[in-house]
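The next block holds one structure in the form of structure tokens; read it before the comments.
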Amino acid sequence: MIAVGDEIKNCHGNISVVTEVQVGKYGIFIREQFEHIEGWAYFPYELPPCKSTDDWYNWRHRGTTTLPSGVKVGDVCGSHFDTPKLDSVVDCDERWEHTILAMEAAGTTFPIQSIILEELMDRRSDHK
């Protein structure tokens, strides 16, 4: 459902081109090229789309990305200034584990997405 070369749109209306896709245990990590800056996003499989929220748990930002198919998925992202730097799906999977623990401790839950990213990736033959 998401591949290198795809144009995606974030919740602020900014369009980027996907330059790398990494599939992990808890989500999908992408690198993306905006008009003037490189960025990244992480799409946890269970995170539903939402309105833009800054400083959500241990993430700089939570929001929604619209894929080329029109499907909206939940995303989290950080900043180039994050310490430690989140530079791969392994880093993001590890941080997501901490997010799950923090949410459980706070008694917070969210509904499972009706379309799970993992299933979408499995349906696409050219995602590797």
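In UniProt numbering, the protein residues as written are 1 to 128.
Beta carbons are placed, not taken as given, at the ideal position from N, Cα and C, and that holds for glycine.
Where do the N-terminal and C-terminal ends of the beta strand (DSSP E) with residue i fall, by residue?
| i | result |
| --- | --- |
| V21 | I15 to V23 |
| D55 | T53 to W56 |
State the beta-bridge partners of residue i as determined by DSSP.
| i | result |
| --- | --- |
| C77 | H61 |
| R31 | E20 and W40 |
| I8 | S16 |
| K72 | T66 |
Looking at residue i: is its Cβ nearer than 7 Å to the Cβ of residue j?
| i | j | result |
| --- | --- | --- |
| N58 | T109 | no |
| V73 | G24 | no |
| R62 | V71 | no |
Looking only at its chain, what residues have a beta carbon closer than 6 Å to the beta carbon of residue i, apart from the 5 residues adjacent to it on each side?
| i | result |
| --- | --- |
| residue 142 | As shown, the chain starts at 1 and ends at 128. That puts residue 142 outside it, with no answer to give. |
| C92 | F29, Y42 and L86 |
| P68 | D6 |
Drop a sphere of 10 angstroms on the beta-carbon of residue i, count the other beta-carbons inside from all chains shown, and report buried for 16 or more, exposed for fewer.
| i | result |
| --- | --- |
| I115 | Unreliable placement is indicated for I115, whose pLDDT of 47 sits below 50; the coordinate value is still reported in the next sentence. Classification for I115: exposed. |
| M103 | exposed |
| G78 | buried |
Looking only at its own chain, which residues have a Cβ that is under 8 Å from the Cβ of residue i, when we skip the five neighbours before and after it?
| i | result |
| --- | --- |
| E32 | I8, S16, V17, V18, T19, E38, G39, W40 and A41 |
Considering just the uninterrupted stretch of the alpha helix (DSSP H) at residue i, what are its terminal residues?
| i | result |
| --- | --- |
| E97 | V89 to A106 |
CB-CB under 7 Å to residue i, same chain, minus the five flanking residues each way: which ones, in chain order?
| i | result |
| --- | --- |
| residue 181 | Summary: the structure shown does not reach residue 181, with the chain confined to residues 1 through 128, and so no result is reported for it. |
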